[in-house]
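In the UniProt record's numbering, the protein residues as written are 1 to 224.
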């Protein structure tokens, strides 16, 4: 029997990364640990609690990465513009959350699937609200900004991972299918945007994040 709860969570995370969320079952996890399914319930109430633990661990990885960036940039933040520094810290946290979700198969789907947030999710939200307020964004807008950023990151990564998973299931993955130009007839602006193909994920994510942070800058300016 695994002696610690963390042993069960570690094994479940490894199984998630190997097989994906749909194939993560308590039966397979018990086989991985070399125990009977019932032994898992010494550590976890049910599968929902297991999935909640995995989701919160992913968010915890984001927090650890954001703490590292905060420590590395502390001097620059103190000496720079408080509003700009705060908004950049929010953007850095959003990027860290994306990396954490992308670091695990079905990471965004797992995090998005739990309506009741775990301790790390609550801490992440609180820190982001505080950072927004320190940048000059008042309540309740600081909370709305936090929700907008987290929702944007989660939705974006859901798309990324859905496409990646579909590609991985193909026996011989090839280039992404091109959009038939005939479907763009009468859609001149979209056709112009896609003339050279869709933007890569990094470019698209950065652009969307930039739009959100630009709105935050306008919010702080309006309050001055």
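Think of the CB as a built atom: it goes at the ideal place given N, C-alpha and C, for glycine as much as any other residue. Bear in mind that the values here come from a model prediction, so they are computed numbers and not experimental data.
Review point. Looking at residue 208 and residue 144, is the spacing between their C-beta atoms short of 8 Å?
Key: No, the Cβ-Cβ distance between residue 144 and residue 208 is not below 8 Å.
Exercise for review: Could you tell me if residue 46 is buried or exposed, where buried requires 16 or more neighbouring beta carbons within 10 angstroms of its beta carbon?
Suggested key: exposed
Review point. Applying the criterion that 16 or more other CB atoms from any shown protein chain within 10 Å of the CB defines a buried residue, is residue 136 buried or exposed?
Key: buried
Point to revise | Expected contact under 8 Å - CB spacing of residue 164 and residue 111 to nearest Å | key: With a Cβ gap of about 16 Å, residue 164 and residue 111 do not count as contacting.
Exercise for review: Check residue 4 in the structure and name its three-state DSSP category.
Suggested key: Note: residue 4 maps to coil in three-state DSSP.
**Study point:** Straight-line gap, residue 214 to residue 106 (C-alpha atoms, nearest Å)
**Key:** 30 Å
Point to revise | Supposed close pair residue 9, residue 53 - CB separation, criterion 8 Å | key: Correct: roughly 5 Å between the Cβ atoms.
Point to revise | Rounded straight-line distance, which links the Cα of residue 139 to that of residue 127 | key: 14 Å
Exercise for review: Assign residue 68 to one of three DSSP states: helix, strand, or coil.
Suggested key: helix
Practice item. Go ahead and pull the three-state DSSP assignment for residue 45. Key: Residue state, collapsed to three classes: coil.
Exercise for review: Let me know the secondary structure DSSP gives residue 36 once reduced to three states.
Suggested key: coil
Point to revise | Contact under 8 Å by Cβ, residue 15 with residue 21 | key: no
Point to revise | Three or more C-beta pairs below 8 Å linking the segment 27–34 and the segment 82–94 | key: no
Practice item. Identify whether residue 119 lies in helix, strand or coil by the three-state DSSP scheme. Key: helix
Point to revise | As assigned by DSSP and simplified to three states, the class of residue 252 | key: Within the shown structure, residues of the chain are numbered from 1 to 224, placing residue 252 beyond reach of any answer.
Exercise for review: Would you mind working out which of 83, 48 and 92 sits nearest residue 68, comparing C-alpha positions?
Suggested key: 92
**Study point:** Extent of the continuous alpha helix (DSSP H) to which residue 188 belongs
**Key:** 188–193
Review point. Can you tell which of 50, 121, 149 and 117 has its C-alpha closest to the C-alpha of residue 210?
Key: 149
Practice item. Identify whether residue 74 lies in helix, strand or coil by the three-state DSSP scheme. Key: Only weak support is given to the placement of residue 74: the predicted model assigns it a pLDDT of 45, under 50, and the value that follows is read from those uncertain coordinates. The answer is helix: DSSP assigns residue 74 an H, G or I state.
Practice item. Can you say whether residue 193 is buried or exposed, counting buried as having 16 or more other CB atoms within 10 angstroms of its CB? Key: exposed
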